[in-house]
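Q: So that we are looking at the same thing, I have put the structure below in structure tokens.
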Amino acid sequence: MEKLLICCLVILMLFLSIEDIQTKEISNFGNLLLLFCSILYSKLLGNSIGNILISMSTYICPLIFLYGYLSDFLKKEILGFGDIKFVMAIGTLMTSYNLWLSMYYFYMISFLLASMVGICLLYRKREKELAMLPYFSISFCVLKIFL
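Residue numbering for the sequence shown follows the working numbering, starting at 1238 and increasing by one per position.
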């Protein structure tokens, strides 16, 4: 059951990432489905609801800061709220790991990948906006394999 659920989660992340790349938007239904499956998976691993809620809310704190303050400072939308909802589901999945260490590596991998690809895209002048969901998904998969 655990392997089946993780396969469903990865497929759903792939679908949402493709949707984000194509439309720069993420469906609420997809995010809700991902959150539901994430909670189910985390409970299947034996995590308490309290730990799940703590991990879920802690993982989104850096993005809330970027969404709220950096957007006002730069007078430009930095990321959408769909990205924050997606990371909330990722936080639910990472409940079993060391919270601060996994969060650090999650954001480092995500933003380093996004920076490298973003610089290449800006250099080629292909796009001005960057879909973040693929980088969050890749970061989760890397952490799931190596942590």
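Where a beta carbon is used, it is the ideal one built from N, C-alpha and C, also for glycine.
Model, not experiment: these values are computed from the prediction.
Just the C-alpha distance for Asn1321 and Asn1265, rounded to the nearest angstrom, thanks.
A: One detail in the question is off: residue 1321 reads as Ile in this sequence, not Asn. If I take the Cα positions, the gap works out to 12 angstroms.
Q: So the alpha helix (DSSP H) Lys1365 belongs to, where does it begin and stop?
A: Unbroken run through Lys1365: none, as it is neither H nor E.
Q: Short of 6 angstroms in beta carbon distance, which residues of its chain neighbour Glu1314, apart from the five on each side in sequence? Order them along the chain.
A: Cβ within range, chain order: Ser1308.
Q: Should Leu1271 be labelled buried (16 or more other beta-carbon atoms within 10 Å of its own) or exposed?
A: Burial call: buried.
Q: State the CB to CB distance for the pair Ser1254 and Leu1370, rounded to an integer number of angstroms; the pair is presumed to be in contact (CB under 8 angstroms).
A: Confirmed, Cβ separation roughly 5 angstroms.
Q: Use the C-beta contact count for Ser1294: other C-beta atoms within 10 angstroms, 16 or more gives buried, fewer gives exposed.
A: Ser1294 is exposed by the Cβ-count criterion.
Q: Mind checking which residues open and close the alpha helix (DSSP H) that includes Asn1265?
A: Element bounds for Asn1265: 1265–1281.
Q: Applying the 10 Å Cβ sphere with the 16-neighbour rule, what's the burial state of Gly1305?
A: Label assigned to Gly1305: exposed.
Q: For Tyr1334, which of helix, strand or coil comes out of DSSP?
A: Tyr1334 falls in the coil class under three-state DSSP.
Q: Taking only runs that begin and end inside the stretch 1293–1340, name each unbroken alpha helix (DSSP H) of 4 or more residues, in chain order.
A: Counting only runs of 4 or more, we get 1298–1302, 1308–1311, 1318–1330.
Q: How is the alpha helix (DSSP H) around Ser1254 delimited, first residue to last?
A: It spans 1239–1260 - the alpha helix (DSSP H) in which Ser1254 sits, taken as one unbroken run.
Q: When you compare only the Cα positions, how much space is there between Phe1252 and Phe1310?
A: Approximately 32 angstroms between the Cα atoms of the pair.
Q: Ordered along the chain, which non-local residues of its own chain (more than five positions away) have a Cβ less than 7 angstroms from that of Tyr1342?
A: So the qualifying residues of the chain are Leu1380.
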